[in-house]
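Going by our numbering, the residue at position 123 of the sequence shown is 295; the numbering climbs one at a time, nothing skipped.
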Amino acid sequence: MENNDLGSDLYISWEDYHRAIERLACSVHQSGWAFDQIVCLARGGLRVGDIFSRLFHKPLAILFASSYAGELGRERGQLKFAQSLAMTGDRLGPRVLVVDDLADSGATLKASIQWLRDRYDLSDLRTAVIWYKGCSSIAPDYYDCYLPHNPWIHQPFERYDVMELAELASSIEAD
């Protein structure tokens with residue numbers, strides 16, 4: 173993890189990214205809280221949800237939510253949700269762990285909690301994120317890294333946001 177100045181950009185390698193998810197999983201495990209299912213917020217929480225589902229041996233549901241737009245996905249726009257959860261089971265819960273990559277403004281996490289509570293009979297819902305920014309309007313129940321300032325986090329998969337398939341194909345052919 174590379175962060176030079178307060179509030180500056182934070183660059184995350186694949187190794188750091190996976191290690192942060194593992195530390196977060198250990199925090200949830202060590203808390204002793206038992207949950208029935210994991211709901212990941214897509215797209216940022218997909219990798220977190222997949223790894224948690226494998227480590228905890230719990231079913232994974234996916235809630236598609238989007239609030240970032242623009243050419244590089246850095247502009248916060250209107251929050252939009254899918255009409256339903258993607259899941260293989262018949263029902264959700266009643267004890268659900270919601271996972272995402274970060275609590276930035278907190279708007280997506282807060283609205284996701286409300287979306288789930290409005291549609292499902294949940295007895296307990298907790299949240300886990302890798303990065304929790306100080307500017308977030310909601311504090312997650314579990315987090316790996318608290319960022320008191322507001323750096324832009326460059327995650328390792330962001331390179332695909334600007335990559336052209338023709339460019340990728342050329343680089344693979346050159347190998």
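Cβ atoms here follow ideal geometry from the backbone N, Cα and C, with glycine treated the same way. Since we're looking at a predicted model, the values are computed, not measured.
Can you check whether the CB of residue j is closer than 7 angstroms to the CB of residue i?
i: L274; j: W303; result: yes
i: G216; j: D276; result: no
i: S199; j: Y314; result: yes
i: T280; j: S239; result: yes
i: I325; j: L227; result: no
i: W287; j: F329; result: no
i: G306; j: P323; result: no
i: A237; j: S284; result: yes
i: I184; j: Q327; result: yes
i: K230; j: Q209; result: yes
Below 8 angstroms on the Cβ atoms is my guess for residue i versus residue j; work out the distance and round it to an integer in Å.
i: L235; j: V211; result: 6 angstroms
i: R267; j: A206; result: 7 angstroms
i: L297; j: R291; result: With 8 angstroms as the limit, L297 and R291 do not qualify as a contact, their Cβ atoms being about 12 angstroms apart.
Could you spell out the range, first to last residue, of the alpha helix (DSSP H) harbouring residue i?
i: Q202; result: W186 to S203
i: A341; result: L337 to A346
i: D333; result: R331 to V334
Could you give the first and the last residue of the continuous beta strand (DSSP E) run that contains residue i?
i: Y318; result: Y314 to L319
i: D296; result: D296 to K305
i: Q327; result: Where Q327 is concerned, there is no enclosing beta strand (DSSP E), given that its DSSP letter is neither H nor E.
i: I210; result: Q209 to A214
Could you work out which residue in the options is closest to residue i when comparing CA atoms only?
i: D262; options: F228, L232 and S343; result: L232
i: L251; options: E336, W324 and K282; result: K282
i: G265; options: D293, P323, L257 and A258; result: D293
i: G221; options: Q202, D208, I193 and A237; result: I193
i: R219; options: V334, E345 and V301; result: V301
### Task
Jot down the residue ranges of each uninterrupted alpha helix (DSSP H) in the stretch 217 to 284, minimum 4 residues, whole runs only, in chain order.
Here the runs fully enclosed are 218 to 228.
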